[in-house]
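Below: the structure, in structure tokens.
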Amino acid sequence: MIRNILVLGAGSAGLLAALSIKRKIPAVNVRIIRSPELGVIGVGEGTTPNFPRHLFDYLGISKKRFYQLAEPTWKLGIRFLWGTRKRFDYAFSHQLDAQWSDLPRPNGFYCDDDFSSIDLPTSLMRENKVFPRQPNGAPDVQPWHAFHIENEKFVNVLETIAREAGVEIIDGKVNGSERGNHGITAVHLEDGQRLEADFFVDASGFRSELLGKALEEPFISFDKNLFCDRAVIGGWERTNEPILPYTTAEAMDAGWAWQIEHEHHVNRGYVYSSQAISDDDAAHEFLTKNPKAPQQPRIVKFTSGCRRRMWVDNVVAIGNAGGFVEPLEATALMIVCSQTQTLVDFLIHTELDPTPGMRDLYNQLTHSTWIEIRDFLALHYKANRTANTPFWRHCQQDTDVSNIADLIAFYEENGPTGFCRYRMPNAQTDFGIEGYLVMLIGNQWPHRRPYKPSLQEWNIWNQHRAHLMHTAQAGLTVKESLAYIQHPGWQWNSDLAKTT
Ligand SMILES: Cc1cc2nc3c(=O)[nH]c(=O)nc-3n(C[C@H](O)[C@H](O)[C@H](O)COP(=O)(O)OP(=O)(O)OC[C@H]3O[C@@H](n4cnc5c(N)ncnc54)[C@H](O)[C@@H]3O)c2cc1C
4 MIRNILVLGA
14 GSAGLLAALS
24 IKRKIPAVNV
34 RIIRSPELGV
44 IGVGEGTTPN
54 FPRHLFDYLG
64 ISKKRFYQLA
74 EPTWKLGIRF
84 LWGTRKRFDY
94 AFSHQLDAQW
104 SDLPRPNGFY
114 CDDDFSSIDL
124 PTSLMRENKV
134 FPRQPNGAPD
144 VQPWHAFHIE
154 NEKFVNVLET
164 IAREAGVEII
174 DGKVNGSERG
184 NHGITAVHLE
194 DGQRLEADFF
204 VDASGFRSEL
214 LGKALEEPFI
224 SFDKNLFCDR
234 AVIGGWERTN
244 EPILPYTTAE
254 AMDAGWAWQI
264 EHEHHVNRGY
274 VYSSQAISDD
284 DAAHEFLTKN
294 PKAPQQPRIV
304 KFTSGCRRRM
314 WVDNVVAIGN
324 AGGFVEPLEA
334 TALMIVCSQT
344 QTLVDFLIHT
354 ELDPTPGMRD
364 LYNQLTHSTW
374 IEIRDFLALH
384 YKANRTANTP
394 FWRHCQQDTD
404 VSNIADLIAF
414 YEENGPTGFC
424 RYRMPNAQTD
434 FGIEGYLVML
444 IGNQWPHRRP
454 YKPSLQEWNI
464 WNQHRAHLMH
474 TAQAGLTVKE
484 SLAYIQHPGW
494 QWNSDLAKTT
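Each residue of the sequence shown is one higher than the last, beginning at 4 in our numbering.
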């Protein structure tokens, strides 16, 4: 029976895991051990919609307080400057796996040429607006958004809320552990302390101190699917740039660059393959494109892949300690939230005495999530058919997407039908069939069912789009919406009756 949980690491993964466990299972004693000397990775600023849902719906954090302390901005999706179209938008909504009741085909069949403003979120993205306007002029804050959030501010907010919830945070550096019959029994700190627990959450980032180092759980590399292994990072204080309501992902010579929008700061980074370009050349390409970035940008190295199992004996890894993929779809915090919820469910369901069968099931579920994300990201590379550098030619030819070959073959045979969902992997991510369809249609992946709508159908289609664009044009920008929600009188309905 688990009574004492020790979380190793106080990055966003460790803090989110500790807070979630304590909130949902208050009887358990939760402590965090973290090394101020090692610090946190300090990147990780784009999210998916399950992130605000986790904070507000699952953890019950007050929106008013969170917005005040963490200062997030809203992300409606990703703008890809990528592929044969040069530009397409992927919103967290149902733009393609949807159909107007007065048209005979799903939306995807009308997007061969123009793939923009398909639904309200993509129309808002096109108009640089974030939310539609209510009759009283205020933003109608919709649930189909994620956040852009500064990592340092986020970690500080989580630390405050975790302490208030009763999580103890201890400073110290772990330099060893003790093993017993059921896993790890204690960790040793550099200052000589020994901390015991019944259950350990390894959130030590890339160091993977417990699952990787102590228990030696093998690492499965994704190097056949994802070739990038480094990032140049550099941002600048915002001057007159508009705050865009989306993340930008832009193809570069040997990878791609993100742009993440904070209220006062623009965050840029170039994810690249060290096999295809040197650090110096990547930094040069990055700085040429972003002259406002600092002249000595930071370089972060990473390896894409995950541990074979996330839960071994009495150790569960959350965050980068369990696995990592590049931030092309900002999946890391999404996985942290979903795996934390699954872990909490399993602990509650087994009355804090998890069985081997539940542990195996957890490993099966979490592994399939990692594999789905790997394959989804791999498709981004495979599908970019502009292939004008050796890196992109290599991606087009050699990216392994064999795991989703059935889905691709079905799409090629049948076109952008929602029935593709029955050929896709079955994992719990925010993407689903919509993500695959956006990537295939956005990149004009060829299929054998081109559809020629009648003139009347085009008229109906264009009327719908005109209406959406009209609503979007009347919407509010991020800056205007922030002014509303930062006003002292602004009330979030979901905060009424909450105290956090
Ligand atoms: C280039 C890049 C861009 C990214 N962009 C995104 C993004 O847009 N969206 C997203 O969701 N994610 C992104 N990520 C992932 C992001 O880094 C993680 O989601 C997130 O920060 C979680 O990190 P973590 O808590 O697992 O690890 P860390 O932040 O590294 O925290 C590890 C913790 O463990 C502690 N620790 C380690 N070893 C010891 C020890 N021996 N003793 C004591 N304490 C120890 C450290 O002190 C620290 O507190 C990105 C990552 C990279 C590399």
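Beta carbons: idealized from backbone N, C-alpha and C, even for Gly.
query                                                                                                     : result
Which residues DSSP lists as bridging residue 320, in chain order                                         : 205
Where residue 138 sits in the DSSP three-state scheme                                                     : coil
Exposure of residue 217, with buried meaning 16 or more beta-carbon neighbours within 10 Å                : buried
Local Cβ density within 10 Å of residue 457, reported as buried at 16 or more and exposed below that      : exposed
Which listed residue (299, 375 and 21) has its alpha carbon closest to that of residue 202                : 21
Rounded straight-line distance, which links the Cα of residue 433 to that of residue 445                  : 18 Å
Any non-hydrogen atom of ligand 1 closer than 8 Å to residue 197 Cβ                                       : no
C-alpha distance - residue 23 paired with residue 324, whole-angstrom precision                           : 18 Å
Ligand 1 heavy atom lying under 8 Å from the CB of residue 293                                            : no
Residue environment, residue 100, which counts as buried when at least 16 other CB atoms sit within 10 Å  : buried
Whole alpha helix (DSSP H) elements within the region 271-324, 4-residue minimum                          : 282-292
One or two residues paired with residue 261 in a DSSP bridge                                              : 252 and 272
Residue nearest to residue 404 in terms of C-alpha spacing, selected from 380, 214 and 416                : 380
Length of the line joining the Cα atoms of residue 234 and residue 406                                    : 27 Å
Among 459, 16 and 283, the one whose alpha carbon lies nearest that of residue 209                        : 16
Beta-ladder partner(s) of residue 76, from DSSP                                                           : 151
Candidates 224, 305 and 320: closest to residue 374 by CA position                                        : 224
Exposure of residue 38, with buried meaning 16 or more beta-carbon neighbours within 10 Å                 : buried
Straight-line gap, residue 63 to residue 249 (C-alpha atoms, nearest Å)                                   : 25 Å
Residue 83 versus 383, 51, 357 and 272, residue with shortest Cα-Cα distance                              : 383
Counted within 10 angstroms of its Cβ, other Cβ atoms place residue 477 as buried (16 or more) or exposed : exposed
Contact test: residue 252 Cβ vs ligand 1 heavy atom, cutoff 8 Å                                           : no
Residue 460 to residue 393 span [Cα, whole Å]                                                             : 42 Å
Coil, strand or helix - residue 53 by DSSP                                                                : helix
C-beta atoms of residue 206 and residue 49 nearer than 9 Å                                                : no
Beta-carbon proximity of residue 134 to residue 418, cut-off 9 Å                                          : no
Opening and closing residue of the alpha helix (DSSP H) in which residue 370 lies                         : 359-386
Residue 319 vs residue 214 beta-carbon contact at 9 Å                                                     : yes
Span separating the alpha-carbon of residue 92 from that of residue 175                                   : 45 Å
Cβ neighbour criterion (16 or more within 10 Å) applied to residue 538                                    : Not covered by the structure: residue 538. The range shown for the chain is 4 to 503.
Assigned secondary structure, residue 173 (DSSP; H/G/I helix, E/B strand, else coil)                      : strand
contact_flag[the region 72-83, the region 140-155] where n(CB pairs < 8 Å) is 3 or more                   : yes
Which residues DSSP lists as bridging residue 8, in chain order                                           : 33 and 202
Limits of the beta strand (DSSP E) - the one that residue 236 falls within                                : 233-240
DSSP-derived helix/strand/coil call for residue 40                                                        : coil
Closer than 8 Å: residue 420 CB and nearest ligand 3 heavy atom                                           : Questions concerning ligand 3 fall outside what the structure shown contains, since the ligands it does hold are ligand 1.
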